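Participant: Just passing along the structure, written as structure tokens.
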Amino acid sequence: MKLNRFWVGIVVVFLAGLAFTKIADNEFYFYAIYAVLQLMVMGIAWNILGGFTGYVNFGAGGFFAAGAYTTVFLHKALDGPPLLVAVVVAPIVCGLIGLGIGYLTLRLRGVYFAIATLAVAIILETLVINWEYVGGAGGYYFLIPEEIPFFDSYVEWLFTVILVITLFAIVVSRYLNSSRIGQGLAAIRDDELAAECMGVPTLKLKLISTTVMGALMGMAGAPFPYFITFVEPVSTFSLLIAVNAIAVPMIGGTMTWVGPVVGAIVLGSIQEIVTVSISSELNMLIVGVVLVGFITLAPQGITGVYRDFRDKRRRRNE
Amino acid sequence: MSEEILSVKDLTKRFGGFTALDAVNVSLSGRERLGLIGPNGSGKTTLINCISGALVNEQGSVIFRGQEVTGLKASKRARLGIIRSFQIPRPFRSMSIIENLLIPMEYAASERKEHGQLRDQAMEFLELVGLNDRADENSSNLTQIDLRRLELARALSAKPSLLLSDESMAGLSSSEVDEILDILLALNERGVAVIMIEHIMRAVMKFSERIVVLDAGKKIADGSPDEIVNNPDVERAYLGE
Amino acid sequence: MFELFVNAVVAGVLLGGFYAAVALGLSIVFGRLDIVNIAHPAFVIIGSYVAFIMNERYMFDPILSGLIFLPVFFLLGVGMYRFYYVCFERTGQESLSGLAYFFGIMFIIEVLLILYYGVDYRNVQAPYIGETLFLGFLGLPYRMLVPFITATILTGLVYLYLSKTFLGRAILAVSQDRLALQLMGADPVKVKQWAFGIGIATAAVAGALLIIIQPIEPSVGRLYIGRVFAIVILGGMGSISGTFFAALIIGIAESLVATFIGPSWAPAVAFGLLLVTLAVRPQGLFGRAG
Chain L
0 MKLNRFWVGI VVVFLAGLAF TKIADNEFYF YAIYAVLQLM VMGIAWNILG GFTGYVNFGA
60 GGFFAAGAYT TVFLHKALDG PPLLVAVVVA PIVCGLIGLG IGYLTLRLRG VYFAIATLAV
120 AIILETLVIN WEYVGGAGGY YFLIPEEIPF FDSYVEWLFT VILVITLFAI VVSRYLNSSR
180 IGQGLAAIRD DELAAECMGV PTLKLKLIST TVMGALMGMA GAPFPYFITF VEPVSTFSLL
240 IAVNAIAVPM IGGTMTWVGP VVGAIVLGSI QEIVTVSISS ELNMLIVGVV LVGFITLAPQ
300 GITGVYRDFR DKRRRRNE
Chain A
0 MSEEILSVKD LTKRFGGFTA LDAVNVSLSG RERLGLIGPN GSGKTTLINC ISGALVNEQG
60 SVIFRGQEVT GLKASKRARL GIIRSFQIPR PFRSMSIIEN LLIPMEYAAS ERKEHGQLRD
120 QAMEFLELVG LNDRADENSS NLTQIDLRRL ELARALSAKP SLLLSDESMA GLSSSEVDEI
180 LDILLALNER GVAVIMIEHI MRAVMKFSER IVVLDAGKKI ADGSPDEIVN NPDVERAYLG
240 E
Chain P
0 MFELFVNAVV AGVLLGGFYA AVALGLSIVF GRLDIVNIAH PAFVIIGSYV AFIMNERYMF
60 DPILSGLIFL PVFFLLGVGM YRFYYVCFER TGQESLSGLA YFFGIMFIIE VLLILYYGVD
120 YRNVQAPYIG ETLFLGFLGL PYRMLVPFIT ATILTGLVYL YLSKTFLGRA ILAVSQDRLA
180 LQLMGADPVK VKQWAFGIGI ATAAVAGALL IIIQPIEPSV GRLYIGRVFA IVILGGMGSI
240 SGTFFAALII GIAESLVATF IGPSWAPAVA FGLLLVTLAV RPQGLFGRAG
């Protein structure tokens with residue numbers, strides 16, 4: 000039964016991740032895989048609103064940074080609470096932001112929503128730059144604890160956290176994909192007016208979609224300050240994060256939860272290699288070109304191309 | 000059943016300075032077959048839009064089965080049983096033919112669920128329109144007549160009490176028109192009231208028990224097909240002064 | 000205090016006029032053709048860099064460079080539209096992919112500029128930059144006044160073109176009724192091509208004006224995204240006069256905020272006004288009804 004296979008897979012991956020922290024001795028692996036998993040969560044989140052529902056979000060950087068700065072705020076206000084507190088609070092904050100943007104603009108065409116997401120990202124960035132409490136433009140330093148139970152180093156703990164977040168995102172995405180809600184979202188994406196006239200409560204579903212997307216992106220951002228140890232607005236609200244969030248599902252495929260997983264592995268690996276071996280600017284150029292390339296040539300992404308290939312082969316054999 | 004299912008009272012709809020519908024009154028009893036005709040631009044589709052909820056009227060009210068639905072969202076009205084089909088078919092292109100039907104079954108008809116698998120029930124509707132052997136085909140590459148069939152099947156699977164059919168026969172051949180007509184009549188047999196917008200006169204005459212004529216946003220006639228055919232105002236509206 | 004206020008308002012007017020020049024192209028492309036070219040400010044920045052190079056190497060006046068390169072930008076616009084049409088409009092996939100496409104283009108332009116010119120600020124030299132015209136207590140810096148005048152002339156020319164010439168009126172018509180346009184003998188695709196070309200051509204001049212007003216570096220374009228969309232939407236989607244007045248409003252609002260609250264808050268003003276407009280009156284202040 001497919002359902003059981005999925006859950007078995009989830010548990011296996013989690014256990015493998017834990018085992019990996021014990022076996023691997025080079026910390027670089029954890030940093031590299033963390034980056035890929037972070038991409039994966041952002042891509043999965045973006046795809047819930049973008050691929051499943053058909054509404055483009057340009058402000059992924061804003062949600063991500065809101066999650067990160069929620070962590071910063073909690074760290075300062077509660078004098079260094081455990082990471083998991085932030086991981087629970089950040090999605091609530093960011094989910095509300097998503098709900099707010101949605102409520103303001105989802106009654107209008109998708110274009111206006113897309114522009115509004117960009118607007119919110121810049122407004123949040125401006126707010127943070129002017130907010131000395133979380134470091135303002137100068138930034139905020141994070142001191143990570145020396146000792147952490149069960150793990151050899153803090154980054155192994157971060158790796159485990161982001162792994163669990165990723166698996167959680169996959170579960171949520173898969174549930175939305177295959178449930179009644181997912182059917183409604185697909186109907187909205189295909190033809191919103193027809194969906195509304197067929198009884199789909201489009202505004203309600205769009206708001207759910209936006210809120211879930213915001214919450215997941217906030218979750219992805221929550222551990223980031225611990226990972227990067229120095230948080231400042233420009234790099235945290237970076238446009239590269241927004242572009243990556245779109246590129247991952249565009250490359251991997253937008254129709255199901257599998258697409259962003261594939262896309263994150265592909266794009267993440269490319270980025271790691273290019274950044275390390277050539278330069279980070281060239282990396283940005285490659286991401287941009289790959290994104291535009293896939294949009295124009297293969298909008299269904301890798302999984303879409305694979306599905307077409309498989310269908311054609313099946314038809315030929317009939 | 001002769002209780003009133005729909006009552007449109009003094010409905011007025013404006014677009015900026017342009018009055019598309021001016022104090023229109025229409026009523027319909029359950030199971031009635033109403034034809035809605037009028038020259039181009041007379042407001043027929045606008046009226047359908049206001050009844051189904053795709054547009055909101057400025058004045059007047061729409062009462063469905065005794066309940067005021069003016070101001071309710073289209074999805075809410077669909078769940079109550081008001082379903083419309085579109086002039087230009089709007090299938091859910093990423094889905095197969097049968098998946099298209101599952102949407103209204105899951106949503107519009109959610110309170111009218113029957114026992115048994117949804118897929119089996121959907122197949123019944125597909126049989127009614129003759130698409131059952133292509134149930135799993137993708138819906139994006141169908142011919143015009145098949146798209147119309149799908150559009151109607153989808154409307155059926157929403158289990159409506161009132162179907163608003165907007166020019167579902169435009170551009171079809173004579174035999175195809177008869178096919179669609181048969182489907183609509185079968186639907187009516189099952190207890191669904193139908194308002195049909197159509198320009199194909201023989202279809203309107205054959206189908207309708209009563210005809211309402213609109214011209215420039217106003218209702219100018221309301222009666223049996225024979226009365227309408229012999230009405231000088233109607234003739235003038237179509238042929239001009 | 001009063002003098003400060005008046006100076007801020009006047010500075011806002013000058014700034015707003017310039018903003019109108021930046022938003023002009025988008026007013027045509029988004030307001031009339033319904034193409035969400037979110038990369039428009041990136042093209043403006045290209046115009047700024049062109050003016051910079053011409054100024055540094057050949058001592059050309061920036062506005063002159065802008066005018067010289069008008070036809071080049073026009074052709075660039077035509078090319079971009081053709082590509083967009085072939086990939087997206089023809090297949091009917093505008094919504095999701097088209098938006099993401101222009102977003103990707105904007106990103107690529109910014110990265111290419113960073114690769115070639117780095118992140119240092121660039122500016123131009125011209126005899127009028129640095130001088131100020133004083134009218135009583137009003138200070139009108141020439142580096143703001145000259146762009147304002149140029150922008151106003153440009154807006155006026157575009158307005159006249161769209162309302163008086165056949166091709167201009169065809170552009171206004173193409174968004175409303177393709178079929179009627181075809182029956183009149185104009186090919187909608189060619190008309191849209193022409194319109195997109197004009198839109199990008201204005202970016203050449205707007206870019207030159209930008210680098211006169213402020214030093215530029217590749218990411219400056221992003222701050223303008225909110226401004227131009229706010230202006231186009233507030234101004235009523237395609238109305239040239241509406242765009243101009245909305246630009247003035249945004250300019251004045253930003254100037255007042257920068258003067259009385261703080262300059263680091265200025266970027267949020269336009270975006271904030273944009274959100275408010277979308278929430279409250281999406282057809283803008285001067286919008287077409289319906």
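Line by line, the protein sequences give chains L, A and P. For the first sequence, numbering that gives the first Met the number 0 begins at 0 and goes up steadily by one. For the second sequence, numbering that gives the first Met the number 0 begins at 0 and goes up steadily by one. For the third sequence, numbering that gives the first Met the number 0 begins at 0 and goes up steadily by one. Idealized CB from N, CA, C, for every residue including glycine. These numbers come from a predicted model, not from an experiment.
Quick one, which of P:SER47, P:PHE87 and P:ILE113 has its alpha-carbon nearest LEU281 (chain L)'s?
Facilitator: Locating residue 281 (chain L) in the first sequence gives position 282, where the first residue counts as 1. Answer by Cα proximity: P:ILE113.
Participant: Quick one: using the 10 Å Cβ neighbour count with 16 as the cut-off for buried, is TYR111 (chain L) buried or exposed?
Facilitator: Taking the first residue of the first sequence as position 1, residue 111 (chain L) is located at position 112. Buried, because 16 or more other Cβ atoms sit within 10 Å of the Cβ of TYR111 (chain L).
Participant: Would you kindly check if the distance between the Cβ of PHE51 (chain L) and the Cβ of LEU239 (chain L) is under 7 Å?
Facilitator: Position 240 of the first sequence holds residue 239 (chain L). Position 52 of the first sequence holds residue 51 (chain L). Not closer than 7 Å, so no.
Participant: Terminal residues of the continuous alpha helix (DSSP H) containing PRO224 (chain L)?
Facilitator: Position 225 of the first sequence, counted from the first residue, corresponds to residue 224 (chain L). Unbroken alpha helix (DSSP H) run through PRO224 (chain L): 223 to 227.
Participant: What first and last residue would you give for the alpha helix (DSSP H) that runs through ASN166 (chain A)?
Facilitator: Walking along the second sequence from the start, residue 166 (chain A) turns up at place 167. With the sequence shown as reference, residue 166 (chain A) is identified as Glu, and Asn is not the correct amino acid for it. Segment: none, GLU166 (chain A) is in no alpha helix (DSSP H) and carries neither H nor E.
Participant: Around the Cβ of PRO262 (chain P), are there at least 16 other Cβ atoms within 10 angstroms (buried) or fewer (exposed)?
Facilitator: One-based indexing of the third sequence puts residue 262 (chain P) at position 263. Its Cβ having fewer than 16 others within 10 Å, PRO262 (chain P) is exposed.
Participant: Quick check: the region 107 to 119 of chain A against the region 150 to 166 of chain A, are there 3 or more CB pairs under 8 Å?
Facilitator: Cβ pair count under 8 Å is three or more, so yes.
Participant: Return yes when the C-beta of ASP221 (chain A) is under 6 Å from any heavy atom of the ligand ZN, and no when it is not.
Facilitator: With respect to the ligand ZN, the structure offers nothing, as it holds no ligand at all.
Participant: Buried or exposed: where does PHE133 (chain P) fall if 16 or more other Cβ atoms within 10 Å of its Cβ makes it buried?
Facilitator: Position 134 of the third sequence holds residue 133 (chain P). When all chains shown are included, PHE133 (chain P) counts as exposed.
Participant: Specify whether the region 263 to 275 of chain P and the region 21 to 32 of chain P touch according to this definition: at least 3 beta carbon pairs, one from each stretch, less than 8 Å apart.
Facilitator: Touching, no.
Participant: Can you give me the Cβ contacts of ALA22 (chain P) inside the same chain, cut-off strictly under 7 Å, excluding the 5 residues immediately before and after it?
Facilitator: Here residue 22 (chain P) is taken as the residue at index 23 of the third sequence, counted from 1. Answer for ALA22 (chain P): VAL227, ILE230, VAL231, THR242 and ALA246, listed in chain order.
Participant: Give the DSSP-derived three-state secondary structure of PRO80 (chain L) in the structure shown.
Facilitator: For the purposes of this step, residue 80 (chain L) is taken as residue 81 along the first sequence, with counting starting at 1. Of the three classes helix, strand and coil, the one that applies to PRO80 (chain L) here is coil, per DSSP.
Participant: Let me know the secondary structure DSSP gives PRO187 (chain P) once reduced to three states.
Facilitator: Your numbering for residue 187 (chain P) matches position 188 in the third sequence. Helix.
Participant: Residues of chain A with a CB under 9 Å from the CB of ALA185 (chain L): which are they?
Facilitator: By one-based count along the first sequence, residue 185 (chain L) stands at place 186. Chain A residues near ALA185 (chain L): PHE91, SER93, MET94, GLU98 and ILE102.
Participant: In the DSSP assignment, find the alpha helix (DSSP H) that holds MET143 (chain P) and state where it starts and stops.
Facilitator: On the third sequence, residue 143 (chain P) is found 144 positions in, with the first residue counted as 1. First-last of the alpha helix (DSSP H) with MET143 (chain P): 141 to 163.
Participant: Under 7 Å, Cβ to Cβ, is there at least one residue of chain A near ALA190 (chain L)?
Facilitator: As a first step, residue 190 (chain L) must be located in the first sequence, where it is residue number 191. The sequence given here has Asp at residue 190 (chain L), not Ala. With 7 Å as the cut-off, ASP190 (chain L) counts as an interface residue toward chain A.
Participant: Inspect the beta-carbon positions of GLY196 (chain P) and PRO40 (chain P) and report whether they are closer than 7 Å.
Facilitator: Residue 196 (chain P) sits at position 197 when you count from the first residue of the third sequence. Residue 40 (chain P) sits at position 41 when you count from the first residue of the third sequence. Going by C-beta atoms, GLY196 (chain P) is not nearer than 7 Å to PRO40 (chain P).
Participant: To the nearest angstrom, how far is it from the Cα of THR159 (chain L) to the Cα of LEU14 (chain L)?
Facilitator: Position 160 of the first sequence, counting from 1, holds the residue named residue 159 (chain L). Position 15 of the first sequence, counting from 1, holds the residue named residue 14 (chain L). Spanning the two alpha carbons is a distance of roughly 10 Å.
Participant: Is it the case that the Cβ atoms of LEU103 (chain L) and ALA278 (chain P) are separated by a distance below 7 Å?
Facilitator: Along the first sequence, read from residue 1 onward, the residue named residue 103 (chain L) stands at position 104. Along the third sequence, read from residue 1 onward, the residue named residue 278 (chain P) stands at position 279. Yes.
Participant: Identify the residues that DSSP records as bridge partners of ALA192 (chain A): which are they?
Facilitator: Within the second sequence, the letter at position 193 stands for residue 192 (chain A). Answer by DSSP bridge pairing, in chain order: A:LEU161.
Participant: Could you give the DSSP three-state label for ILE142 (chain L): helix, strand or coil?
Facilitator: Stepping through the first sequence from its first residue, residue 142 (chain L) is reached at position 143. Rather than Ile, the amino acid found at residue 142 (chain L) in this sequence is Leu. In this structure, LEU142 (chain L) counts as coil in the three-state DSSP scheme.
Participant: Hey, out of P:LEU13, P:LEU3 and P:MET0, whose CA is closest to ALA212 (chain P)'s CA?
Facilitator: Within the third sequence, residue 212 (chain P) is the residue found at index 213, counting from 1. Looking at the sequence shown, residue 212 (chain P) is not Ala but Ile. With distances taken between Cα atoms, ILE212 (chain P) lies closest to P:LEU13.
Participant: Just to confirm my understanding: we take ALA220 (chain A), look at its own chain, exclude 5 residues before and 5 after, and list those with CB closer than 8 Å. What are they?
Facilitator: For this step, residue 220 (chain A) is matched to residue 221 along the second sequence. Answer for ALA220 (chain A): ILE210, VAL211, VAL212, GLU226, ILE227, ASN230, ASP232 and VAL233, listed in chain order.
Participant: Determine the chain A residues that contact THR253 (chain L) at a beta-carbon separation under 7 Å, and present them in chain order.
Facilitator: Along the first sequence, read from residue 1 onward, the residue named residue 253 (chain L) stands at position 254. Those within 7 Å of THR253 (chain L) in chain A number zero; the least Cβ separation is about 10 Å.
Participant: Report the neighbours of PHE57 (chain L) on chain P: residues whose CB is nearer than 7 Å to its CB, in chain order.
Facilitator: Residue mapping note: residue 57 (chain L) aligns to position 58 of the first sequence, counting from 1. The answer, in chain order, is PHE102.
Participant: Counting C-beta neighbours from all protein chains within 10 Å, is the total for LEU182 (chain P) 16 or more, i.e. buried, or is it exposed?
Facilitator: To locate residue 182 (chain P), count along the third sequence from 1; it is residue 183. Its Cβ having fewer than 16 others within 10 Å, LEU182 (chain P) is exposed.
Participant: How should ASP145 (chain A) be labelled, buried or exposed, when 16 other C-beta atoms within 10 angstroms of its C-beta is the threshold for buried?
Facilitator: Here residue 145 (chain A) refers to the residue found at position 146 when the second sequence is read from its first residue. Its Cβ being crowded by 16 or more others within 10 Å, ASP145 (chain A) is buried.
Participant: Leaving aside the five residues before and after PHE236 (chain L) along the sequence, list all residues of the same chain whose C-beta is less than 6 Å from its C-beta, in chain order.
Facilitator: In the first sequence, residue 236 (chain L) corresponds to position 237, counting from 1. Excluding residues within five positions, the ones whose Cβ falls inside 6 Å are GLY60, ALA64 and GLU124.
Participant: By the 8 Å beta-carbon criterion, what residues does the region 101 to 119 of chain L contribute toward chain P?
Facilitator: The residues in question are LEU103, THR104, LEU107, GLY109, VAL110, TYR111, ALA113, ILE114, ALA115, LEU117, ALA118 and VAL119.
Participant: For ASP214 (chain A), name the three-state secondary structure that DSSP assigns.
Facilitator: One-based indexing of the second sequence puts residue 214 (chain A) at position 215. Three-state result, ASP214 (chain A): strand.
Participant: Just to confirm, are GLY16 (chain L) and LEU162 (chain L) a CB contact at a threshold of 7 Å?
Facilitator: Looking up residue 16 (chain L) in the first sequence gives position 17. Looking up residue 162 (chain L) in the first sequence gives position 163. Yes, the Cβ-Cβ distance between GLY16 (chain L) and LEU162 (chain L) is below 7 Å.
Participant: Whole angstroms is fine: what's the gap from ALA185 (chain A)'s alpha carbon to LEU151 (chain A)'s?
Facilitator: Stepping through the second sequence from its first residue, residue 185 (chain A) is reached at position 186. Stepping through the second sequence from its first residue, residue 151 (chain A) is reached at position 152. When rounded, the distance between both Cα atoms is 12 Å.
Participant: Does the beta-carbon of TRP6 (chain L) have 16 or more other beta-carbons within 10 angstroms, so that it is buried, or is it exposed?
Facilitator: Taking the first residue of the first sequence as position 1, residue 6 (chain L) is located at position 7. The residue is exposed, with fewer than 16 neighbouring Cβ atoms inside 10 Å.
Participant: Counting contacts by CB-CB distance shorter than 7 Å, is THR210 (chain L) in contact with chain P?
Facilitator: Along the first sequence, read from residue 1 onward, the residue named residue 210 (chain L) stands at position 211. With 7 Å as the cut-off, THR210 (chain L) does not count as an interface residue toward chain P.
Participant: Provide the residue span of the alpha helix (DSSP H) that contains GLU113 (chain A), from first to last.
Facilitator: Counting from one through the second sequence, the residue named residue 113 (chain A) turns up at place 114. Here GLU113 (chain A) belongs to no alpha helix (DSSP H), and DSSP marks it neither H nor E.
Participant: Could you check how far apart the C-beta atoms of SER172 (chain L) and ILE43 (chain L) are, in whole angstroms? I think they sit under 8 Å.
Facilitator: For the purposes of this step, residue 172 (chain L) is taken as residue 173 along the first sequence, with counting starting at 1. For the purposes of this step, residue 43 (chain L) is taken as residue 44 along the first sequence, with counting starting at 1. The pair is a contact, with the Cβ atoms about 5 Å apart (cut-off 8 Å).
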